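Peer 1: First the structure, which I've put down as structure tokens, then a few questions once you've had a look.
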Amino acid sequence: MSDISDQSLAQQGQARIDWALDEMPVIRGLMQQLSESRPLAGVRIGACLHITTETANLARTLQAAGADLVLCASNPLSTQDDVAAALVANYHIPVYAIRGESSDVYYRHIQATLDHLPLITMDDGADLVSEMHKTRTDLLQGMIGGTEETTTGVIRLHAMAADKALKFPIIAVNDAMTKHFFDNRYGTGQSALDGIIRATNILLAGKTFTVVGYGWCGRGVAMRAQGHGAHVIVAEVDPLRALEASMDGYRVMPLMDAARQSDFMITVTGDKHAIDRQHMEVMKDGCVLANAGHFNVEINIPALESLSTAKTRPRESVDEYKLVDGRKLRLLAEGRLVNLAAAEGHPSAVMDMSFANQVLAAIYLLEQQGKLSNEVHSVPLRIDQEIARLKLDAMQINIDELSAEQQQYLSSWQEGTT
Ligand code: ADE
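The numbering of the sequence shown is the numbering used here, which starts it at 1 and goes up by one.
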């Protein structure tokens, strides 16, 4: 019923799950409230997510709400094996996830999750939905819908909808403000830097640090790298984002120019081969390469392999490539999400809001069953606002309310220049 690495790790996993829960007040509140109302009673949910302490607390909440849940990994290198063990041992939730699993095992685990016949999917990258549409079309009939956690997955699902290939509605959790304003920016900012530092233990102060892509994640990574005293360069193809990066105080330039002077280069683009062969050909000796985007395609690893004569592993999560001309380039976490593969992913306090969106989106899908088109839909604003309110309450932050006069003013057009 499960495929995990080591059942004996359950106690350690449970302690870490409980530690994370302390930082997840919104999830704690939902767990309590939904254990009474049980809105997901008996609903089969298949979730393909990073198996972390935060995901475990999402799983506990869905279970408390009555869901019949099964989990698999959304990345071969992000599974926390002790967490997987605790979920199986202490909550009897089937888990298919082993840190370091091969691509074959990864897809076998997705198939095993589909064997549980989910009516709601939860994805981080859209692999579960995509596999279901490609290989298990028998399951599409009767599906309630799915949720998607990440930018890359939302883009893939929009492409499926545009092709008319998508056969059930999806809620884009990523696009909720209480998700991407915080998780993508502050979460990726902190956890990507954490992964780079854990992997290398190299001082960032005074180094040249290039961020490739200035979306929400790129903004966070650049901000935190600058906070460490690095000289931050941003490479961006979108003129608006490039302008924003410049006015945020970073140097902006083409990637070829950045490649010649960088000590660190981090991709957060969501696109393929953002760092390519021609960039590697001009990089400085010792340059550290990492990816914080969803898939391991952002750095052209086959090109790196073909440029090099030898590869060694001087530290865990670091592969050092010796190039034909004698330079060495250091690739972190095999080009996979550095924040999850070399650290522990985003801190619990931001996942608190992301996963509150997941829970409420699943309940919303059920409430709207049969009413939503087979497209990608937003999280309703009322859910977003409710999560923000709950988080502020938990942080003991009070805010003001508009007076009746102010509300009236905002909804009228008669008053102008006085
Ligand atoms: N994605 C990024 N960080 C994560 C975390 N801590 N848990 C689950 N998914 C994540």
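Ideal Cβ positions, reconstructed from N, Cα and C, are used throughout, including at glycine. Because the structure is a prediction, the values reported are computed rather than measured.
Based on the DSSP output, what are the partners of Y96 in its beta bridges?
Peer 2: Y96 is bridged to D3, C72.
Peer 1: Let me know the secondary structure DSSP gives F181 once reduced to three states.
Peer 2: It is helical.
Peer 1: Using the DSSP secondary-structure output, state which residues sit across from C48 in a beta bridge.
Peer 2: Answer by DSSP bridge pairing, in chain order: C72, D123.
Peer 1: Please indicate yes or no: does the CB of H50 lie closer than 8 Å to some heavy atom of the ligand ADE?
Peer 2: Yes, the ligand ADE has a heavy atom inside 8 Å of this Cβ.
Peer 1: Buried or exposed: where does T61 fall if 16 or more other Cβ atoms within 10 Å of its Cβ makes it buried?
Peer 2: Classification of T61: buried, given that the 10 Å Cβ count is 16 or more.
Peer 1: DSSP puts R330 in a beta bridge; with which residues?
Peer 2: Bridge partners of R330: V288, E320.
Peer 1: Pick out the complete alpha helix (DSSP H) segments inside the region 208-232, 4 residues or longer, and give them in chain order.
Peer 2: Fully enclosed alpha helix (DSSP H) runs of 4 or longer: 216-227.
Peer 1: Looking at the secondary structure, which residues open and close the alpha helix (DSSP H) in which V338 lies?
Peer 2: 338-341 is the extent of the alpha helix (DSSP H) around V338.
Peer 1: For the putative contact between L71 and I98, defined by C-beta atoms under 8 Å, what is the C-beta separation to the nearest angstrom?
Peer 2: Contact doesn't hold; Cβ gap of about 12 Å is too wide.
Peer 1: M265 lies in the beta strand (DSSP E); which residues open and close that run?
Peer 2: Per DSSP, M265 belongs to the beta strand (DSSP E) from 264-267.
Peer 1: What's the call for G178, buried or exposed, on a 16-neighbour Cβ count within 10 Å?
Peer 2: As written in the sequence, residue 178 is Thr, which differs from the Gly given in the question. By the neighbour-count rule (16 or more Cβ atoms within 10 Å), T178 is buried.
Peer 1: Using a 10 Å radius around the Cβ and a threshold of 16 neighbouring Cβ atoms, would you call M24 buried or exposed?
Peer 2: Label assigned to M24: buried.
Peer 1: Output the boundary residues of the beta strand (DSSP E) element that contains A159.
Peer 2: Here A159 belongs to no beta strand (DSSP E); instead the alpha helix (DSSP H) covers 151-162.
Peer 1: I'd like to confirm something about L128: is its beta-carbon nearer than 8 Å to some heavy atom of the ligand ADE, or not?
Peer 2: Result no, Cβ not under 8 Å from the ligand ADE.
Peer 1: Could you pull the start and end residues of the alpha helix (DSSP H) that E367 belongs to?
Peer 2: Where E367 is concerned, the enclosing alpha helix (DSSP H) stretches over 348-367.
Peer 1: Just the Cα atoms here: how many angstroms apart are A259 and V282?
Peer 2: One C-alpha to the other measures close to 6 Å.
Peer 1: Along the chain, where does the alpha helix (DSSP H) that runs through P118 open and close?
Peer 2: Per DSSP, P118 belongs to no alpha helix (DSSP H) and is neither H nor E.
Peer 1: Measuring only from the beta carbon, is G13 closer than 8 Å to any heavy atom that is part of the ligand ADE?
Peer 2: It does not: the Cβ of G13 is nowhere closer than 8 Å to a heavy atom of the ligand ADE.
Peer 1: Looking at the structure shown, is R108 part of a helix, part of a strand, or coil, going by DSSP?
Peer 2: Here R108 sits in helix by DSSP.
Peer 1: Quick check: is any heavy atom of the ligand ADE less than 8 Å from the C-beta of H180?
Peer 2: Outside the cutoff, so no.
Peer 1: Where V324 and S306 are concerned, what is the direct C-alpha to C-alpha distance, given to the nearest angstrom?
Peer 2: For V324 and S306, the distance between alpha carbons rounds to 9 Å.
Peer 1: In this structure, how does DSSP classify P380 when only helix, strand and coil are distinguished?
Peer 2: Reduced to three states, the DSSP call for P380 is coil.
Peer 1: Three-state secondary structure (DSSP) at G145?
Peer 2: Three-state DSSP puts G145 in a strand.
Peer 1: Whole angstroms are fine: how far does the CA of S102 sit from the CA of R136?
Peer 2: Whole-angstrom Cα-Cα distance: 21 Å.
Peer 1: If contacts are defined as beta-carbon pairs under 8 Å, then L366 and A292 qualify, I think. What distance do you get, rounded to the angstrom?
Peer 2: Between A292 and L366 the Cβ distance is about 33 Å, and since that is not below 8 Å, they are no contact.
Peer 1: Say the cut is 8 Å; is the CB of N201 nearer than that to a heavy atom of the ligand ADE?
Peer 2: No, the beta carbon of N201 sits no closer than 8 Å to any heavy atom of the ligand ADE.
Peer 1: Inspect the beta-carbon positions of A56 and A47 and report whether they are closer than 9 Å.
Peer 2: No. Outside cutoff.
Peer 1: Let me confirm a value: E149 is counted as buried when at least 16 other C-beta atoms fall within 10 Å, else exposed. Which label applies?
Peer 2: So E149 ends up on the buried side.
Peer 1: Are I299 and A274 close, meaning C-beta to C-beta below 9 Å?
Peer 2: Contact: yes.
Peer 1: With distance defined between alpha-carbon atoms, name the residue in R327, N296, R382 nearest to L77.
Peer 2: Checked all of R327, N296, R382; the closest Cα to L77 is N296.
Peer 1: With H, G and I counted as helix, E and B as strand and the rest as coil, what does DSSP make of R38?
Peer 2: Coil, per DSSP.
Peer 1: Does R60 come out as helix, strand or coil in the three-state DSSP assignment?
Peer 2: Here R60 sits in helix by DSSP.
Peer 1: Tell me which residue opens and which closes the alpha helix (DSSP H) that R241 is part of.
Peer 2: Run containing R241: 239-247, per the alpha helix (DSSP H) assignment.
Peer 1: So, does the region 117-129 touch the region 146-160, judging by three or more C-beta pairs under 8 Å?
Peer 2: Contact between the region 117-129 and the region 146-160 is present, because at least three Cβ pairs lie under 8 Å.
Peer 1: Expressed to the nearest angstrom, what Euclidean distance is found between the alpha-carbon atoms of H279 and G215?
Peer 2: Computed Cα separation, rounded: 21 Å.
Peer 1: DSSP state of I397, grouped into three classes?
Peer 2: It is coil, neither helix nor strand.
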